[in-house]
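If you're matching positions, the sequence shown starts at 458 in the numbering used here and goes up one per residue. Quick reminder that beta carbons are idealized off the backbone N, C-alpha and C, glycines included. First the structure, in the form of structure tokens, and then the observations on it.
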Amino acid sequence: MKRNGLWIGLCLLGALPGQAQEQKVGAPPESSNMKLVGWSDLQARSAYQPTIQKQGSRFIAYIGHHGGTDDIPMPINAMTGQPEPNGTSIVDVTDPAQPKYLRHIPGAPGKYEDGGAQMVRLCDGSALPKGDKAAVYMLRTFGGQAHEIWNVADPSNPKLLTRLDGLRDTHKSWWECDTGIAYLVGGAKDWRAKRMTQVYDLSDPAKPVKIRDFGLVGQEPGATGQVPTDLHGPISTGPQGNRVYFGYGTNKGGVIQMVDREKLLKGAPEPTPDNLRAPEVGRLLMSAWNGAHTVFPMLKMPIAEFANDKEGQTRDIVMIVDEAILNECNEPRQMIWFADVSIESRPMMISSWTVPEASGNFCQRGGRFGAHSSNESMAPVFYKKIAVIAWFNAGVRAIDVRDPYHPKEVGYFIPAITDKTDKRCVKVDGKDRCKTAIQTNNVETDERGYVYIVDRANTGMHILELGGEARQVAGLK
458 MKRNGLWIGL
468 CLLGALPGQA
478 QEQKVGAPPE
488 SSNMKLVGWS
498 DLQARSAYQP
508 TIQKQGSRFI
518 AYIGHHGGTD
528 DIPMPINAMT
538 GQPEPNGTSI
548 VDVTDPAQPK
558 YLRHIPGAPG
568 KYEDGGAQMV
578 RLCDGSALPK
588 GDKAAVYMLR
598 TFGGQAHEIW
608 NVADPSNPKL
618 LTRLDGLRDT
628 HKSWWECDTG
638 IAYLVGGAKD
648 WRAKRMTQVY
658 DLSDPAKPVK
668 IRDFGLVGQE
678 PGATGQVPTD
688 LHGPISTGPQ
698 GNRVYFGYGT
708 NKGGVIQMVD
718 REKLLKGAPE
728 PTPDNLRAPE
738 VGRLLMSAWN
748 GAHTVFPMLK
758 MPIAEFANDK
768 EGQTRDIVMI
778 VDEAILNECN
788 EPRQMIWFAD
798 VSIESRPMMI
808 SSWTVPEASG
818 NFCQRGGRFG
828 AHSSNESMAP
838 VFYKKIAVIA
848 WFNAGVRAID
858 VRDPYHPKEV
868 GYFIPAITDK
878 TDKRCVKVDG
888 KDRCKTAIQT
898 NNVETDERGY
908 VYIVDRANTG
918 MHILELGGEA
928 RQVAGLK
């Protein structure tokens, strides 16, 4: 009864978000069926991507950061007392109510997108075919110029192993821990696109082996005409699923490319038009108004409504998440979409979902309003049941995806701002008009069922748990 009363109170606390506009320091968070468990300020660094790794009996969060700001280009590392370029925060979240900051690894000098170390992926050495069994490997970007691999077996004392340098606009890669195949996002020499894919064998992280370059026809060296939309990121289903899903575009001109993984890895590597087309098994084009920031596969989903049908009882679904780019709704709405890709040559959109703007007057709050990213963990606790979506000034939203034809929100959490939360500005009559708002930037989950959200506007990392209907959908006790 105490637990039910707590969730009722939390729901009442966030029951009237439509009355809220610009957030104020000291005001409580807004929530429904999601509860704050713990918080780390992440040294007030602008945060991009959290990844949670189980290391023995410990759970460690690795958080990639954007570069610094004009006001604070290099925040102070409280552990050393020295200013450092934003890089990677390492936080022990074994006890989610008492997160312990372990280490900050500086990233590339530079502000905003030009510095930092935004992306981070982890693989256990015992899983990689040629890895050191005692090691834990962290793959991260270094500014826009390189990918780095570190040994973080001792997360308080990470060691740099190798760097793949001379790149541009490096971003959100994917690493298969059971094979070592990595799909590294960045710009290669002579390629026309700022971002494409470099496929590497990182089964021995100390000795990277390049397999090939890959992208859309028209992005390759020597091509002519209009350059197709830049890549944002891939997600692979590994050798068992034999598919890699590539999302091109962020907030416009989205392309979802479905690729036969084996043909990608074993096909002729020269980036000719024919060789680039060969692995593709399907493609879905979005409108000029929406991008494909994240393409998250949920394959062989049983659809309860179709249980008695002779065919099609299960469907291959891809969830597509756009990214809002502009502050205060100065662009088309960026949201989430669901595509049925069961017939890969004829994929089709089946539904979409957005936070109702009027539920919180979000266009007036300041900062970005719209989707950005989803959790990417495929741990059974949430996979194919609940998707958790970062929604900038609307916080994080928990979506029941068991029927992807009719997605339904079952919870949300909008963190309170602090005195460290950075302002967001728009031009009005040639002058900056600035407001302070939460900017929930990215989200991840762990196998225990905790939700980790990080803030682009320097408000840190919030660790959450589900309650009420959301908890029931996930099957958590």
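In the DSSP assignment, His523 is bridged to Gly573. In the three-state scheme derived from DSSP, where H, G and I count as helix and E and B as strand, Cys820 is classed as helix. Annotated three-state conformation of Asp912 is strand, per DSSP.
For Asn732, no beta strand (DSSP E) segment is defined; the enclosing uninterrupted segment is the alpha helix (DSSP H) at Pro730 to Arg734. The three-state reading of DSSP puts Phe839 in coil, since its state is none of H, G, I, E or B. Cβ-Cβ separation between Phe795 and Met776: approximately 6 Å, consistent with a contact (criterion under 8 Å). Scanning Arg700, Glu677, Leu618 and Phe599 for the CA closest to the CA of Glu633 turns up Arg700. If you look at Ala761, you'll find it isn't in any beta strand (DSSP E); DSSP assigns it neither H nor E. As the crow flies, the alpha-carbon of Val666 is around 22 Å from that of Ala650.
Only residues of its own chain outside the window of five on either side were considered, and among them Lys880, Arg881 and Cys882 have a CB closer than 7 Å to the CB of Cys891, listed in chain order. The beta carbon of Ala914 sits closer than 6 Å to the beta carbons of Thr878, Asp879 and Gln896 from its chain, once the five residues preceding and following it are set aside; these are given in chain order. Here DSSP, grouped into helix, strand and coil, assigns Ala796 to strand. The C-alpha of Ile856 lies about 11 Å from the C-alpha of Ser809.
Taking each of Gly690, Asp571 and Lys709 in turn and checking the Cα distance to Tyr702, the smallest one comes out for Gly690. For the 8 Å CB-CB criterion, Val738 and Asp717 form a contact.
Ala781 sits close to Gly827, with the two beta carbons spaced by under 8 Å. Gly748 carries a coil assignment under DSSP once its states are collapsed to helix, strand and coil. Lys568 and Glu768 have their alpha carbons spaced roughly 53 Å apart.
In the DSSP assignment, Arg718 falls outside any beta strand (DSSP E) and lies within the alpha helix (DSSP H) extending over Arg718 to Lys723. Around the CB of Asp797, 16 or more other CB atoms lie within 10 Å, so the residue is classed as buried. Judged by DSSP secondary structure, Gln512 falls outside any alpha helix (DSSP H) and instead within the beta strand (DSSP E) spanning Ala504 to Gln512. When the Cα atoms are used, Asp527 and His919 turn out to be separated by approximately 25 Å.
Residue pairing of Tyr640 in beta bridges, as defined by DSSP: Trp631 and Val656.
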